[in-house]
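For this note's numbering, add 553 to where a residue sits in the sequence shown, where the first one is 1. All C-beta atoms in this analysis are idealised placements derived from N, C-alpha and C, irrespective of residue type, glycine included. In this text, all values refer to a predicted model and were calculated from it rather than measured experimentally.
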Amino acid sequence: MYQQTNVSVSAQTICKIGIYFALLVLSAKVAIPIPFYDYISLQTAFIFLVYPILGAKYGSWLTVLYLVSGLLGLPIFASGGGLGYIFKTTFGFLIAFTLMPFFAAIIRKGNKLFSHHQFLNTLVSNYLCLIMVHLIGFAYKCFIIKFYIGNIINVTGILGFTSLLDFLIDVGLIFFVTLVELQIIKRIH
């Protein structure tokens with residue numbers, strides 16, 4: 554016999570997830586290829602707005618849906634899609650993006666360093682999340698380059714060029730994302 558559960562997702566939440574999914578796909582397509590198999594895109598900026606808009610639970614649903622859709626073959630990642638994408642150096646960032654909403658929730662609840670100043674508190678939280686994203690992305694990139702691609706590239710060369718460039722661009726983006734995020738939070742609440 555079928556047992557009904559009390560799981561209820563509002564139509565508004567489903568619409569937010571759908572709209573944000575489309576925006577996430579578009580942000581990935583605005584990409585600039587750089588050496589060492591990497592891309593600079595607006596995707597990180599949009600990922601950082603997932604938690605304040607959708608929260609940890611629905612934000613994670615969105616990021617997992619995005620990851621699974623891309624792995625199933627939809628060309629929604631910066632350079633396509635499909636199961637073979639797990640062998641791309643940027644896949645580690647996609648893994649980190651799926652963890653980001655929960656990590657952001659933990660950081661936001663625990664960060665009371667600037668509790669009297671919302672901008673600084675949010676900015677510090679976002680930068681801590683950015684460090685987590687880049688650590689996972691960089692570790693995966695090094696793993697793929699060493700064990701799959703087979704290039705014996707000096708890890709400091711990778712870090713020095715692409716990862717540092719990515720990180721510095723993302724630091725600037727996250728500053729502006731934090732400003733946008735605070736405006737969104739004002740309008741939502």
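Buried or exposed, going by whether 16 or more other CB atoms sit within 10 Å of the CB of residue i?
i      : result
Gln565 : exposed
Lys739 : exposed
Gly690 : buried
Gly725 : exposed
Gly703 : exposed
Ala692 : exposed
Tyr701 : exposed
Ser563 : exposed
Ser561 : exposed
Lys694 : buried
Ile676 : Checking the sequence, you will find Leu at residue 676 rather than Ile. Under this definition Leu676 is a buried residue.
Gly612 : buried
Beta-carbon within less than 7 Å of residue i's beta-carbon, same chain only, minus the 5 sequence neighbours each way: which residues are those?
i      : result
Tyr638 : Gly623, Leu624, Phe630 and Phe644
Ser594 : Ser580, Ala581, Val583, Ala584 and Ala631
Phe656 : Cys682 and Met685
Pro605 : Glu734, Ile737 and Ile738
Ile660 : Ser678, Leu681 and Cys682
Ile741 : none
Trp614 : Ile570
Under the DSSP definition of a beta bridge, which residues are partnered with residue i?
i      : result
Ile630 : According to the sequence displayed, residue 630 carries Phe and not Ile. In DSSP, Phe630 forms a bridge with Gly633.
Tyr550 : This structure leaves residue 550 out entirely; the chain is present only between 554 and 742.
Can you tell me the Cβ-Cβ gap for residue i and residue j, rounded? I've got them flagged as a contact below 8 Å.
i      : j      : result
Phe599 : Leu577 : 5 Å
Phe728 : Val686 : With a Cβ gap of about 15 Å, Phe728 and Val686 do not count as contacting.
Asp723 : Leu683 : 6 Å
How about residue i and residue j: are their beta carbons less than 8 Å apart?
i      : j      : result
Asn679 : Val730 : yes
Pro654 : Thr597 : no
Ala658 : Ala584 : no
Leu627 : Phe574 : no
Lys569 : Leu607 : yes
Cutting at 6 Å between CB atoms, please list the residues of its own chain near residue i, excluding the five before and the five after it.
i      : result
Leu620 : Leu647 and Thr651
Phe720 : His687
Phe696 : none
Ala649 : Val686, Ile689 and Gly690
Excluding the 5 residues preceding and the 5 following residue i in the sequence, name in chain order all residues of the same chain whose CB lies nearer than 8 Å to its CB.
i      : result
Gln671 : Leu735
Cβ of residue i less than 8 Å from any chain D Cβ?
i      : result
Thr616 : Reference to chain D is not applicable here, since this structure consists of a single protein chain.
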